[in-house]
Amino acid sequence: MTAAGQLRISRNAQSVRITESGKHTLDTLGLHFDYDSKSRGMGNYLIRRLNTANLMLFFFGGKTDVFCSSVPDRNSPLSFLPSFALRREKNKNPLGTARFNGMLYTKNTARAVYYITEENDGLYPEAERNTFTMNILTGGRKSAAAFTGDKSLEKIIEYSARKTTNSRALPVLNAVRRLDCPVTFFPLSQAGARQMRIISVRDHRRIIAESILKAKYKPPEKNYYDTEEKILIGIDMDIPRMETAAEYGVHIFLLDWQVNAVKEILRGKRAVLHPLTTETAEEILRLPSELYVKETKPYITEKGEFLSAPV
């Protein structure tokens, strides 16, 4: 992109800036963005922007619309609204001091997505929940929260268990127990992308539980189980829900690569872990074996002009 004149290195050599040519290219695609007011060096603001960009690349690879500038309607495709898009307008910042990096929207769920790093400040759970559950952000959908930040699930949970400042904020892992909403932990990897695709299937827990128990399946009496037989489908990595079920005894079904991380969290508790291969879960849900369908159509501008063709 730099060689093509679409991007340039900033004067302080610590960031990449879009050029007039690059902005024109985005405009022809119908992606209209204002220039940043100033160039920023490496600091907390830029690091947060880079983390958000990493999320956008991850979701974009999964055919998610990451160029939202407002909350999409419920008929829109899978969409990610970065937090900086909501903070852009002066005197119209609904996020306040909230620390999530953006909102991931499906038809029925609005997930606040947090990028957790080794150096993090923890969370104020009540303030976060009060923000991401606002109707102007959910668009009438159910609220949830998701946590990521590394290709390793174990690392994400390790980072979530501590904070690096002396603020009164809680470590993330403690804070999620007080969010009072569904929670997901996922790695920024192909395994994580498959996990997110699985849990995006409506009623995935019930469908998988029915496949496991067949004729013996009965609906759960408690919301921390997925069947009457004290079984929980934990592919979403909802840690607080698993911890609650483990107080009463539970059989938890997970993707095989999730088992070690959960084993550490539930050590000494009344939980038996059962691994499922990702392929088995996908087959039960009738998902295609290919994670991404290769795009074969050329890219077209708003005016119908051909811009380029996928390689």
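Position one of the sequence shown corresponds to residue 0 (numbering that gives the first Met the number 0), numbered consecutively onward.
Every residue, glycine too, gets a C-beta built ideally from N, C-alpha and C.
Since the model is a prediction, treat every value here as computed from it, not as a measurement.
Per DSSP, the bridge partner or partners of residue i
i: I135; result: I135 pairs with nothing; no bridge assigned.
i: R7; result: R16
i: L231; result: I251
i: K141; result: T108
i: L122; result: L169
i: T130; result: Per DSSP, none; premise fails for T130.
i: F32; result: Note: F32 sits in no beta bridge, so no partner.
i: T147; result: Y114
Same chain, Cβ closer than 8 angstroms to residue i, neighbours up to 5 away in sequence not counted
i: S166; result: D120 and G121
i: F131; result: A97, F99, M102, A109, A111, T137, S142 and A144
i: L6; result: M0, V15, R16, I17, T18 and G21
i: H31; result: L25
i: Y313; result: Since the displayed the chain opens at 0 and closes at 310, residue 313 lies outside it and no answer follows.
i: Y158; result: I115, T116, E117, N119, G148, D149 and V171
i: V290; result: Correcting the residue identity first, residue 290 is Leu in this sequence and not Val. Only G61, Q189, A192, R193 and R196 meet the Cβ criterion.
i: N50; result: N100, Y114, T116 and G148
Coarse secondary structure for residue i, derived from DSSP in three states
i: P274; result: strand
i: M55; result: helix
i: S166; result: coil
i: T63; result: coil
i: A2; result: coil
i: S78; result: strand
i: T183; result: strand
i: T226; result: coil
i: Q194; result: helix
i: P309; result: In this prediction, P309 has a pLDDT of 48, which is less than 50 and means its spatial position is unreliable; what the coordinates show is noted afterwards. Coil, per DSSP.
i: S68; result: coil
i: A160; result: coil
i: P219; result: coil
i: S210; result: helix
i: R73; result: coil
i: V200; result: coil
i: R285; result: coil
i: G21; result: helix
i: L265; result: coil
Proximity to residue i [Cα-Cα], best of the options
i: L253; options: R193, K215 and R285; result: R193
i: L77; options: T51, P93 and N107; result: N107
i: K262; options: I156, E281 and L178; result: I156
i: C180; options: E289, E278, L45 and P124; result: P124
i: K62; options: K215, R73, P93 and T105; result: T105
i: D72; options: R47, R140, A52 and A174; result: R140
i: H250; options: A190, S68 and E228; result: E228
i: S82; options: G60, S75, M55 and T183; result: M55
i: I198; options: R176, G233 and R240; result: G233
i: Q257; options: L272, N53 and A174; result: L272
i: R176; options: T163, M236 and A208; result: M236
i: A52; options: R201, R266, A280 and Y114; result: Y114
i: E282; options: E242, K268 and V200; result: V200
i: V182; options: V65, P218, L169 and R240; result: R240
i: S9; options: D202, L45, H23 and T27; result: L45
i: L284; options: I206, K213 and D33; result: I206
i: R269; options: L178, G95 and E242; result: E242
i: I135; options: L80, R47 and N173; result: L80
i: M326; options: A3, L94, A160 and F58; result: Outside the modelled stretch of the chain, which goes from 0 to 310, sits residue 326, for which no answer is possible.
i: N173; options: D202, I238 and K213; result: I238
i: K221; options: L178, N43, N129 and Y247; result: Y247
i: R48; options: G267, R86 and R266; result: R86
i: F146; options: N43, D64, G267 and F184; result: F184
Contact set for residue i: own chain, Cβ-Cβ below 6 angstroms, skip 5 residues either direction
i: E153; result: A260
i: I211; result: none
i: A84; result: S68
i: D149; result: I155
i: T277; result: R193 and L254
i: R204; result: D225 and I232
i: A280; result: I197
i: L265; result: A245
i: D64; result: P76 and S78
Residues of its chain near residue i, where Cβ-Cβ distance is below 7 angstroms and the 5 sequence neighbours each way are ignored
i: A208; result: Y216, D225, T226, I230 and I232
i: S151; result: P186
i: P219; result: D225, T226 and E227
i: A168; result: D120, G121, L122, Y123 and K162
i: F66; result: L30
Item to check | Runs of beta strand (DSSP E) lying entirely within the segment 81-115, each at least 3 residues, in chain order | outcome: If we require 3 residues or more, the beta strand (DSSP E) runs fully inside the segment 81-115 come out as 101-104 and 108-114.
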